[in-house]
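> Quick note on numbering: UniProt numbering labels position 329 of the sequence shown as 329, and the sequence is numbered without any gaps. We put the beta carbon where it would ideally sit given N, CA and C, even for glycine. Note that the coordinates shown come from a computational prediction; the quantities given were computed from them, not determined experimentally.
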Amino acid sequence: MAALNLCRMALRSSKLLSRPYHRLSVQLQMQMQPSSPSLTRKMSMDAQSVASQLNSSGLLRTQGLVGGKWSDAYDGKTIKVYNPATGESIVDVACMGGRETNDAISAAYDAYGSWSKTTAAERSKFLRKWYDLLMVHKEELAQLITLEQGKPLKESVGEINYGAGFIEFAAEEAKRIYGDIIPAPLSDRRLFVLKQPVGVVGAITPWNFPLAMITRKVGPALACGCTVVIKPSELTPLTALAAAELSIQAGIPPGVVNVVMGNAPDIGDALLASPQVRKITFTGSTAVGKKLMAGSAETVKKVSLELGGNAPCIVFDDADLDVAVKGTLAAKFRNSGQTCVCANRIIVQEGIYEKFANALRDTVQNMKVGDGFSEGVAQGPLINEAAVKKVESLIHDATSKGAKVILGGKRHSLGFTFYEPTVISDVNSDMRISREEAFGPVAPLLRFKTEEDAIRIANDTNAGLGSYIFTNSIQRSWRVAEALEYGLVGVNEGVISTEVAPFGGFKQSGLGREGSKYGMDEYLEIKYVCLGNMHKA
């Protein structure tokens with residue numbers, strides 16, 4: 001129980017970056033920051049129109065999904081979901097807790113008996129139908145992501161393609177879960193290996209990729225024969241609920257997919273305490289991941305964790321400048337810098353440092369900031385006020401220790417949680433921005449002299465998720481890629497995630513892998529069977 005209490009405390013503290021706006025904080029923020037009244041009205045009207053269309057399509061769900069039935073919280077409580085671009089409430093959704101989660105676990109456990117016995121071909125067909133429906137409704141789902149998360153609509157469409165890809169891949173891979181035959185040491189024995197589903201899975205997902213972080217877990221889980229209880233972020237539950245609605249339309253049986261949202265500590269406690277939940281999969285902060293590991297020890301659950309990063313982006317003197325700037329821009333500013341593989345430290349060799357800094361500044365300066373539904377917008381708002389304050393704190397610390405802001409460095413004139421795309425130079429490893437995940441649109445530039453220096457600086461962190469190298473030397477790319485203590489390495493490319501490759505980190509960036517054939521193994525148990533007396537009739 002001590003571990004569960006620690007987890008509960010961690011889940012509460014993690015809400016610093018996951019607490020919705022309250023009306024008072026929105027009003028204070030509006031008073032603090034100027035904004036154009038006409039722009040605000042346009043943004044509001046666009047959001048209301050989108051919400052109305054989504055409601056008409058049947059994809060704007062506000063209840064949890066338990067055992068195939070849409071359900072309110074048992075005590076009638078609700079929480080508001082906000083549009084980060086305007087601070088306005090989109091809709092109220094059910095605020096669920098321990099009782100609803102326990103019922104969802106029971107529904108998943110009951111459904112597991114039959115779902116795990118369906119053939120791989122049958123599960124594949126269900127998943128393929130779900131994928132098809134996600135793609136048919138790509139436009140509405142993308143609008144929903146932009147509405148509740150804030151990213152530009154073009155990026156949201158990209159997330160639907162990316163997220164649906166995990167379901168498609170899982171549908172294909174379901175038919176390729178193979179066992180093994182082992183040559184026996186004795187002539188009258190036959191030895192073989194079976195792979196079987198682990199059981200009920202508790203999937204806890206973040207707000208930055210409201211669809212993809214769910215499908216990356218649920219796709220392989222269902223393909224392997226597991227059933228799931230999904231706990232999406234209370235900031236972005238609407239996309240999860242819409243995806244769940246489409247899973248029902250795809251014919252996936254009741255209880256196989258369940259969704260509960262609301263009181264994170266109570267939901268987390270229920271998932272950890274239940275012996276019927278055999279696996280926890282989590283994407284989020286390292287601090288909460290550690291507490292989930294501790295809580296899972298009570299019932300010895302399997303755990304896979306995709307945790308925080310501190311991605312280095314190394315630019316060598318021999319790099320193609322245009323390729324390096326383009327790749328760094330994609331690695332740093334996608335989703336307003338709110339991804340776990342964002343370039344958190346841009347480490348530039350001294351011979352190209354000034355040219356690179358000027359080129360990056362000039363490119364970033366042309367990025368359009370605004371509501372994600374507006375034409376040409378490249379950067380939307382940060383998720384909430386706490387996220388903005390963290391960015392401000394990191395920049396203040398860096399500049400107080402000698403770093404220079406060469407672009408941006410302050411809240412955007414649009415107000416709310418918009419922040420100017422920022423580039424800061426003369427950053428060193430003693431500054432907090434080099435040690436902590438910024439999760440914002442800030443590009444810190446560090447200098448290095450030699451290849452050995454770059455590797456030492458890059459590896460000087462407890463994190464080990466994403467990393468990037470820009471060089472025209474094949475030999476160097478191999479040497480550095482092998483030396484970096486990271487689960488992912490991009491060479492001359494800033495966007496490297498794909499459903500067909502393994503995603504996961506070294507050190508305190510997590511355990512296990514998601515995506516690819518390797519990600520399937522996270523949802524399987526290995527069983528060894530020995531047949532004896534084979535010589536007898």
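Taking ALA142 and LEU153 to be in contact with their CB atoms under 8 angstroms, please state how far apart those CB atoms are, rounded to whole angstroms.
Right, the Cβ-Cβ distance comes to about 6 angstroms (below 8 angstroms), so this counts as a contact.
> Is the CB-CB distance between VAL201 and VAL277 below 9 angstroms?
In contact: VAL201 and VAL277 (Cβ atoms closer than 9 angstroms).
> Have a look at GLU350 and ASN428 and give me their C-alpha separation to the nearest angstrom.
Approximately 13 angstroms between the Cα atoms of the pair.
> Within a Cβ cutoff of 8 angstroms, which residues of the same chain sit near VAL303, ignoring the five residues on either side of it in sequence?
Closer than 8 angstroms at Cβ, skipping near neighbours: LYS279, ILE280, THR281, PHE282, LEU292, MET293, SER296, LEU511 and GLY512.
> Should LEU531 go down as buried or exposed, given a rule of 16 or more other Cβ atoms within 10 Å for buried?
So LEU531 counts as exposed.
> Assign PRO265 to one of three DSSP states: helix, strand, or coil.
In the structure shown, PRO265 sits in a helix (DSSP, three-state: H, G or I).
> Helix, strand or coil for ILE177, going by three-state DSSP, please let me know.
DSSP places ILE177 in coil when its eight states are reduced to three.
> Starting from the C-beta of THR101, find all residues in its chain whose C-beta is less than 6 angstroms away, skip the five residues before and the five after it, and write them out in chain order.
Cβ neighbours of THR101 beyond the five flanking positions: VAL260, ILE267 and ALA270.
> Out of VAL93, ASP317 and ILE433, point me to the one whose CA is closest to ALA403's CA.
The shortest Cα separation from ALA403 among VAL93, ASP317 and ILE433 belongs to ILE433.
> When the Cα atoms are used, what is the spatial distance from SER413 to GLY370?
Approximately 10 angstroms between the Cα atoms of the pair.
> On the three-pair Cβ rule with 8 angstroms, is the region 123-139 touching the region 361-375?
Touching, no.
> Quick check on DSSP: helix, strand or coil for residue 560?
Beyond the ends of the chain as shown, which are 1 and 537, falls residue 560; an answer cannot be given.
> With H, G and I counted as helix, E and B as strand and the rest as coil, what does DSSP make of GLN276?
Note: GLN276 maps to coil in three-state DSSP.
> Do SER116 and ALA223 have their C-beta atoms closer together than 9 angstroms?
Contact: no.
> Output needed for THR236: all residues of its chain with C-beta closer than 6 angstroms, excluding positions within five of it in sequence on either side, in chain order.
Excluding positions up to five away in sequence, the list reads GLU148, GLN149, TRP207 and PRO210.
> Leaving out the 5 sequence neighbours to the left and right, which residues in its chain are closer than 7 angstroms to LYS517 when beta-carbon positions are compared?
If we look at LYS517 and ignore the five residues flanking it on each side, its Cβ neighbours are GLU173.
> If you draw a straight line from the alpha carbon of ILE204 to that of HIS535, how long is it in whole angstroms?
Using only the alpha carbons, I get a separation of about 51 angstroms.
> With H, G and I counted as helix, E and B as strand and the rest as coil, what does DSSP make of PRO220?
Helix at PRO220.
> Please report the straight-line C-alpha distance between ALA164 and ASP188, rounded to a whole angstrom.
The alpha-carbon atoms of ALA164 and ASP188 are separated by roughly 48 angstroms.
> Please state if the CB of GLY337 and the CB of GLY415 are separated by a distance shorter than 9 angstroms.
No, these two residues do not count as a Cβ contact at 9 angstroms.
> Leaving aside the five residues before and after LYS77 along the sequence, list all residues of the same chain whose C-beta is less than 6 angstroms from its C-beta, in chain order.
Once the five neighbours on either side are set aside, the close Cβ partners of LYS77 are CYS95.
> How would you call GLY58, buried or exposed, if buried means at least 16 neighbouring beta carbons within 10 angstroms?
Under this definition GLY58 is an exposed residue.
> I'd like the span of the beta strand (DSSP E) that includes GLU306, first residue to last.
GLU306 -> beta strand (DSSP E) spans 302-306.
> List, from N- to C-terminal side, the beta strand (DSSP E) runs of 3 residues or more that fit wholly inside the region 67-126.
List check, beta strand (DSSP E) in window: 69-71, 78-82 and 89-94.
> Starting from LYS138, follow its DSSP beta bridges and name the residues at the other end.
Beta-bridge pairing links LYS138 to no other residue.
> In chain order, what residues of the same chain lie with their CB nearer than 6 angstroms to the CB of LYS368, ignoring the 5 residues before and after it?
If we look at LYS368 and ignore the five residues flanking it on each side, its Cβ neighbours are GLY376, VAL377 and ALA378.
> Can you tell me where the beta strand (DSSP E) with ALA443 in it begins and where it stops?
It spans 442-448 - the beta strand (DSSP E) in which ALA443 sits, taken as one unbroken run.
> Taking DSSP as the reference, what is the three-state secondary structure of PHE192?
The answer is strand: DSSP assigns PHE192 an E or B state.
> Identify whether ILE252 lies in helix, strand or coil by the three-state DSSP scheme.
Coil at ILE252, not helix or strand.
> Rounded to the nearest angstrom, what separates SER473 and THR461 at their Cα positions?
Those two C-alpha atoms are separated by around 26 angstroms.
> Suppose you measure from the CA of GLN63 to the CA of ALA250; what does that come to, to the nearest Å?
Distance between the alpha carbons of GLN63 and ALA250: 19 angstroms.
> Expressed to the nearest angstrom, what Euclidean distance is found between the alpha-carbon atoms of LYS290 and SER400?
Straight-line Cα distance between these residues: approximately 32 angstroms.
> Going by alpha carbons, who is nearest to ASP521 out of ILE177, GLY158, GLU436 and THR471?
If we check each option's Cα against that of ASP521, ILE177 comes out closest.
> Which residues mark the beginning and the end of the alpha helix (DSSP H) in which TYR518 is found?
Start and end: 516-520.
> Among GLU392, PRO265 and TYR419, which one has its Cα closest to the Cα of PRO381?
Answer by Cα proximity: TYR419.
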